[in-house]
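S.K.:
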Amino acid sequence: MQRKVIMKVKTIMEENLKLYMCNTTFNSSCKIADLGCSSGPNTLLSILNILNIIHNIGFKLSNETPVIQIYLNDLFGNDFNTIFKLLPDFYKIIEQERGDNIRECFINATPGNFYGRIFPKNYINFFHSSYCLHWLSQVSFSKLNLFFMTDGNLPSH
């Protein structure tokens, strides 16, 4: 089910990343956080989609693809070692699909819950979350200014 949802929102994510990249100047890197990444077979699927979208948008805009820094976030008990063991095959997929230099993509783990600060202010360029927001227990949605991407509410700059 997660895989189906990840693939279903790919178009929406692509539209939002394109808007963002058209209106943003990257110094040297693009920092992306995947909140609630988990450690199952779909963990890197969202990241692969994001990387492919950024790569394709960069070529369409005749821009160089920025260095990508991915921050996988989940609770301290998450099995990040399982994810790291998948990275060699993940990098091979990237190379086979695009011929990309994998040295331009850095994947890190950032354990902790997002009720407190897990990144410096204004540090992350793009946040992604597929399946963790339904677990929120400490913050009332009515007190947050949340933005959910759907076909009808794409951001404009």
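Following UniProt numbering, the numbering of the sequence shown begins with 1 at its first residue and continues without gaps. Backbone N, C-alpha and C define an ideal beta-carbon position, used for all residues, glycine too. Everything numeric in this text was worked out from a predicted model, so none of it was measured.
1. Return yes when the Cβ of Y20 is within less than 9 Å of the Cβ of N122, no when it is not.
2. Hey, residue 172 and D34: beta-carbon distance below 9 Å or not?
3. Among N49, G112, N113 and C105, which one has its Cα closest to the Cα of C30?
4. Please name the residue or residues paired with N73 in a DSSP beta bridge.
5. Does the region 39 to 55 come close enough to the region 80 to 87 that 3 or more CB-CB pairs lie under 8 Å?
6. Opposite N108 in the DSSP bridges: which residues?
7. Assign F126 to one of three DSSP states: helix, strand, or coil.
M.R.: Working from what's here:
1. Here residue 122 is taken as the residue at index 122 of the sequence shown, counted from 1. Here residue 20 is taken as the residue at index 20 of the sequence shown, counted from 1. Not closer than 9 Å, so no.
2. With the chain covering 1 to 157 only, the question about residue 172 has no answer from this structure.
3. Here residue 30 is taken as the residue at index 30 of the sequence shown, counted from 1. Considering only alpha carbons, the answer is C105.
4. If you number the sequence shown from 1, residue 73 lands on position 73. DSSP, once it has assigned bridges, lists L35 as partnering N73.
5. yes
6. To locate residue 108, count along the sequence shown from 1; it is residue 108. Answer is Y71, bridged to N108.
7. Locating residue 126 in the sequence shown gives position 126, where the first residue counts as 1. In this structure, F126 counts as strand in the three-state DSSP scheme.
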